[in-house]
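Data block below; observations after.
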Amino acid sequence: MVASNRVVVVGGGLGGLAAACTLAARGYGVTVFEASPWLGGKATVLSEAGFRFDMGPTILTIPDVLRRIFREAGRNLDDYVNLVRLDPQWRCFFGDGSTLDLVENVERMAKSLDGYSPNTGTADGYRNFLKLSDRLHRVSDEYFFWKSIGGIRDMIDVKGGFKPKIVGDVRAMRMGRSVAGTVRKFIPDARVAQMIDHFTQYVGSSPEASPAVLCGIAHMQTEDGIWYPMGGTRAVPEALVKFGTELGVDFRPNTGIKRLIVADGKTVTGVETDGGEIVEAAAVVSNADSVRTHRELLPDAPKAARKFDRRRKYEPACSGVVLYLGLNKAYDHLLHHDFVFSRDPHEEFDFIYRKGEPAPDPTCYLAATSRTDPATAPPGGEALYVLVHTPYLRPHHDWKQMLPAYRRVILDKLKTTGKMPDLESRIVFESVLTPQDIHDRYRVLNGAIYGLASHGKWLGAFKPANRSPDLRNLYLAGGAAHPGPGMPMVLMSGWIAADSLDTDGVVVR
Ligand SMILES: Cc1cc2nc3c(=O)[nH]c(=O)nc-3n(C[C@H](O)[C@H](O)[C@H](O)COP(=O)(O)OP(=O)(O)OC[C@H]3O[C@@H](n4cnc5c(N)ncnc54)[C@H](O)[C@@H]3O)c2cc1C
1 MVASNRVVVV GGGLGGLAAA CTLAARGYGV TVFEASPWLG GKATVLSEAG FRFDMGPTIL
61 TIPDVLRRIF REAGRNLDDY VNLVRLDPQW RCFFGDGSTL DLVENVERMA KSLDGYSPNT
121 GTADGYRNFL KLSDRLHRVS DEYFFWKSIG GIRDMIDVKG GFKPKIVGDV RAMRMGRSVA
181 GTVRKFIPDA RVAQMIDHFT QYVGSSPEAS PAVLCGIAHM QTEDGIWYPM GGTRAVPEAL
241 VKFGTELGVD FRPNTGIKRL IVADGKTVTG VETDGGEIVE AAAVVSNADS VRTHRELLPD
301 APKAARKFDR RRKYEPACSG VVLYLGLNKA YDHLLHHDFV FSRDPHEEFD FIYRKGEPAP
361 DPTCYLAATS RTDPATAPPG GEALYVLVHT PYLRPHHDWK QMLPAYRRVI LDKLKTTGKM
421 PDLESRIVFE SVLTPQDIHD RYRVLNGAIY GLASHGKWLG AFKPANRSPD LRNLYLAGGA
481 AHPGPGMPMV LMSGWIAADS LDTDGVVVR
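Letter by letter, the sequence shown follows residues 1 to 509 in the UniProt record's numbering.
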């Protein structure tokens, strides 16, 4: 029997913070160890020369996940963060010079598609695609979200028998088909199909290799909206840290964890910090990358670590290059979120996800935040955030050497397809994040932005379960654990890890 109710969380990313707050709200004593000097992991900020950039995530969807975490202690999220709904959600720039705004109301969007792509059936195709997406969203809510899932068996109560509804829901998942293939069954206009493909970029995976169930992401966004936390996405970890502090969470930044302590090769009983401090714990939630947790932090449990590693082939999600451009003059034709699309999605995804090389003509995502939050730039200026997805790090990738040429590719793309011919003359501040920087700053797998890829038309959506099947009292949270990457999903993963721990009753309170 364990006499302590202390739970240790390794890593203070959004998943770790969500787990810590949920556990503290349920009465546990929680210590969060974070190797970096800041809390929030990738959700951090760059403030320089009068410009303020969110360094990592910029698009917040499904805010109800965050609300649920605050409700654990009867608190209201709105008392901690001021969320602003953005509609239109994205402005899209295509190689043929056309632009298209994605608006959240499905009927309004379909009407706009009637004008954008007349007599092609695209408007009706969009309506029908969103009906499928709605169904897949419901299937995810029912079988996939809010519980620890590591594979299809965890999803379905096999003992309860295969009821007709379950059979229908499994069929709706279109297992064996890809996102890109499914989108093109509905949407004849290649530009609109390319726009919809890009929902899988939220999970850093190729739409050509990802399972069709991920088509549900479109409906999650049209129904629940895109939100901007005033002050930047950084406001989300700040709110969680404030909430956690009120609940008594002990935050220990600047303190890396060297290993998890395992008794008898089976039960996690604590951690050792990089400085050699031994901290006993009734349970540990690891918010470090799940693969690296097993490969690097479990020297006491080599068998359990090997079992995890053999379970499947873990492929990192994509990485990326981010340019943070401080402009002395904003561009009026941009919205808060913009996509400047590649000339050919197949070529782009083939380079990033199959060949493992940067795409010669990439899609650039832009965040131009000053129209919502003027404090991000000096008056009239713009803190322009430019993200281009790249392959995860391969041994021959040397980004110090690769960056200058790729920066030029990105700027040329923005000048032409993005309609910003004088971009370079407006830049008064510039900083950059490369795949190597992402790897080093956030201790991820091969520079991956979004944890593990969702590749595999049958089982690609599954990630390692939040409740470790290999070690007692070990729980996993973050982008490389169920249900996957992106702010709402990692917050949910933290909640699930905490809830599983609480349900298991590992701690004597
Ligand atoms: C450039 C970029 C753009 C993105 N855009 C979006 C977006 O628009 N919308 C969206 O929803 N998501 C986006 N994401 C993804 C999103 O940021 C991540 O999915 C999410 O923030 C990851 O949270 P996490 O819980 O997995 O933790 P991480 O942020 O990965 O944090 C894990 C923490 O664990 C710490 N750690 C690791 N090992 C140890 C150890 N041994 N000891 C102590 N601490 C340790 C690390 O230092 C790190 O702080 C983006 C990410 C990046 C980088």
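We treat Cβ as the ideally placed atom computed from N, Cα and C, and that holds for glycine.
This structure is a prediction, so every number in the text was calculated from the model and none was measured.
Listed in chain order, the non-local C-beta contacts of G479 below 6 Å within the same chain comprise Y450, G451, P485, V490, local neighbours out to five positions each way being set aside. Between T434 and V321, the C-beta gap is smaller than 8 Å, which places the two residues in contact. Along the segment 357-417, the alpha helix (DSSP H) occurs as fully enclosed runs of 4 or more residues at 399-416, listed in sequence order. Within a 10 Å sphere around the beta-carbon of A239 sit 16 or more other beta-carbons, which makes this residue buried.
Within the same chain, Cβ atoms closer than 8 Å to the Cβ of K242 are found at Y80, the five residues on either side in sequence being excluded. The criterion of a C-beta distance shorter than 8 Å is satisfied by H389 and G204.
Of the residues P37, D264, E280, the one whose Cα lies closest to the Cα of V271 is E280. Of the candidates L471, R467, K457, K457 places its Cα closest to the Cα of G181. Measuring C-alpha to C-alpha distances from S47 to each of T376, R426, K329, V167 identifies T376 as the nearest. N119 and L387 have their C-alpha atoms spaced approximately 34 Å apart. Taking a cut-off of 8 Å for Cβ pairs, the segment 462-473 and the segment 494-506 touch, as three or more such pairs fall below it. In the DSSP annotation of this structure, V65 is not part of any beta strand (DSSP E); the continuous alpha helix (DSSP H) holding it starts and ends at 64-71.
Look at S425 here: in three-state DSSP terms it is helix.
Look at the segment 35-95 and you find these whole runs of beta strand (DSSP E), each 3 residues long or longer: 45-48, 51-54, 83-86, 90-93. Taking the Cα of N128 as reference, the smallest distance to any Cα among S112, S140, G115, I187 is reached at I187. Bridge partners of D250 according to DSSP: T31. Counting only residues of its own chain and dropping the five nearest sequence neighbours on each side, S342 has a CB closer than 6 Å to the CB of E348, D361, P362, T363. Around the beta-carbon of H294, 16 or more other beta-carbon atoms lie within 10 Å, marking it buried. Rounded to the nearest angstrom, the Cβ distance from A35 to T255 is 7 Å, consistent with a contact under 8 Å. When the five nearest sequence neighbours on each side are left out, the beta carbons in the same chain lying within less than 6 Å of the beta carbon of A235 are those of V81, P229, in order along the chain.
Taking the Cβ atoms as the reference, L17 lies roughly 7 Å from L39, within the contact range of under 8 Å. No Cβ-Cβ contact shorter than 8 Å links R354 with D300. Within the chosen limit of 7 Å, ligand 1 reaches the beta carbon of M487 through at least one heavy atom. Going by beta carbons, G13 and K42 fall inside the 8 Å limit. Distance from the C-beta of S454 to the nearest heavy atom of ligand 1 is not below 7 Å. For the 8 Å CB-CB criterion, R135 and A172 form a contact. Assigned with DSSP and collapsed to three states, H439 falls in helix.
In terms of Cα proximity to P316, the closest of D344, D373, L445, G29 is L445. In this structure, P358 has its beta carbon at no less than 7 Å from each heavy atom of ligand 1.
For P211, there is no enclosing beta strand (DSSP E), since its DSSP letter is neither H nor E. The Cβ neighbour count for S425, taken over all protein chains shown within 10 Å, is under 16; the residue is labelled exposed. Its chain contains P391, R394 as the residues whose beta carbon lies nearer than 7 Å to that of G356, once the 5 sequence neighbours on both sides are disregarded; these appear in chain order. For D504, no beta strand (DSSP E) encloses it; the enclosing alpha helix (DSSP H) starts and ends at 487-504.
Under the three-state reduction of DSSP, F339 is assigned to strand. The three-state reading of DSSP puts G320 in strand, counting E and B together. Ranking F70, F94, A19 by CA distance to the CA of T416 puts F94 first.
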